[in-house]
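Working notes, structure below.
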Amino acid sequence: MDSLLLSKGIFPETFLRKTVDYILSVQQDNGCIPWFVGGKADPWDHTEAAMGLSIAGECEAAEKAYQWLQQAQLADGSWYANYQDGEPLYCEKRETNFVAYVATGVWHHYLISQNRGFLLRVWPMVEKAMEFVLRNQAPTGEVYWAVSEEGAPLRDALITGCSSVYKSLECAVNIATVLDQDKAAWRTGYHRLGKTLRHHPECFDRTWESKERYSMDWFYPILAGVYRGSEAKSRIQERWETFVKKDMGCLCVSDEPWVTVAESCELTMALLAAGERTKAISLYGWLHQWRDGDDGGYWTGYQYVENIIWPEEKTTWTAGAILLAADAITEHTPAARLFLENNLLPEAQVAQAAREVRA
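And the structure:
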């Protein structure tokens, strides 16, 4: 079995170079990063792949990816769920966590590049995206999972989606703070969402079957910073045996024999955030048997009962997740701890002064 055991300060740059090149080989001239050549693109997974490029120092390609998002953004700040060759595949809904994730990617890139000019260029995009998201925050704090083609909120919420939005709100607030933008309402939305995720499970999965069979519902609240410390460790322990298949990875859902590489990478980072470093390094070490040695891409998943790679796709977002987890373990870049800790910057002095003047 192929394995890769990492430690702090030793980023496997040579080993992962092909993986970076795989993402670059799929990226289109306009900056869009589809799942694979000829495949669809979606805003969330496109951003995940771009974050992998930032980690590798491919800053020009990463910024080109955000430029594509900026050009494709709709007037209300959102994006369609999927695109093919620059056109939306369907327009029935737009998902709030897909829209919010651009802030996580932009902040991640800024932490690495320290390129304030880039931050200024993409600020209008981030601002419109987060205003769209917060327009769809319920009075009880959760963020509705999507809007219809007409823009009406679909009034239910997902734990995984809202956890992702929670981290994106943290990143958006930090972008606004660095740029001295007064976004106190974003801070309020962030704290409201965190409180609902922690204390009000009744606000989620109200109109459909519970999503607790999905591993992401288990670990995403840790990855996003909803739980830390002893609470995070307890949450990991509760369902470790349910979701983790030794020597293979993390299951996507508890009732199917299918381990998926991207979820395993995200769980790796959640384990680091929970202080479970030994488990994180072991889990990440299992994943490289699913790597194509020829082009450096990683297969999306493995069905271990039938002993088959399924689906037969090497997705760019899986490659991005591999790079994010490697960075988190080795602390290779200044963005390595983004998912390992909450780091909400203090309010900008300009914003505080503006409120004092208005008062």
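331 is the number of the first residue of the sequence shown in this note's numbering; add one for each residue after it.
Virtual Cβ for every residue (Gly too), placed ideally from N, Cα, C.
In this text, all values refer to a predicted model and were calculated from it rather than measured experimentally.
- In this structure, DSSP gives Ala666 a state outside helix and strand, which the three-state scheme calls coil.
- Under the three-state reduction of DSSP, Trp629 is assigned to strand.
- Residue range Lys423 to Glu425 is occupied by the beta strand (DSSP E) that includes Arg424.
- In the DSSP annotation of this structure, the continuous segment of the alpha helix (DSSP H) that includes Leu553 starts and ends at Ser545 to Leu553.
- The C-alpha of Gln567 lies about 16 Å from the C-alpha of Gly579.
- The Cβ atoms of Trp365 and Trp647 sit closer than 8 Å to each other.
- Ala515 is classed as exposed because its beta carbon has fewer than 16 other beta carbons within 10 Å across all chains shown.
- In the DSSP assignment, the residues bridged to Cys580 are Val574 and Thr590.
- Cβ neighbours of Arg485 within its own chain (closer than 6 Å, five residues either side excluded): Tyr474.
- The Cβ atoms of Ile652 and Leu602 lie no closer than 8 Å to each other.
- Residue pairing by DSSP puts Pro483 in a beta bridge opposite Val477.
- For Arg347, the enclosing alpha helix (DSSP H) has its first and last residue at Glu343 to Val356.
- In this structure, DSSP gives Gln414 an extended state, which the three-state scheme calls strand.
- Counting of Cβ neighbours within 10 angstroms places Lys525 among the exposed residues, the total staying below 16.
- For Ala649, the enclosing alpha helix (DSSP H) starts and ends at Thr646 to Thr660.
- Where Asp375 is concerned, the enclosing alpha helix (DSSP H) starts and stops at Pro373 to Ile385.
- Nearest Cα to Glu461 within the set Ala502, Val556 and Ala604: Ala502.
- The segment 465-474 makes contact with the segment 507-523, as at least three CB pairs between them are under 8 Å.
- Between Trp453 and Leu509, the CB-CB gap stays under 8 Å.
- In the DSSP annotation of this structure, Phe534 is not part of any alpha helix (DSSP H), being labelled neither H nor E.
- Within 10 angstroms of the beta-carbon of Thr663 lie 16 or more other beta-carbons, which makes it buried.
- With a cutoff of 8 Å on beta-carbon distance, Phe549 and Ala600 are scored as near each other.
- Between Gly615 and Ser333, the C-beta spacing is below 8 Å.
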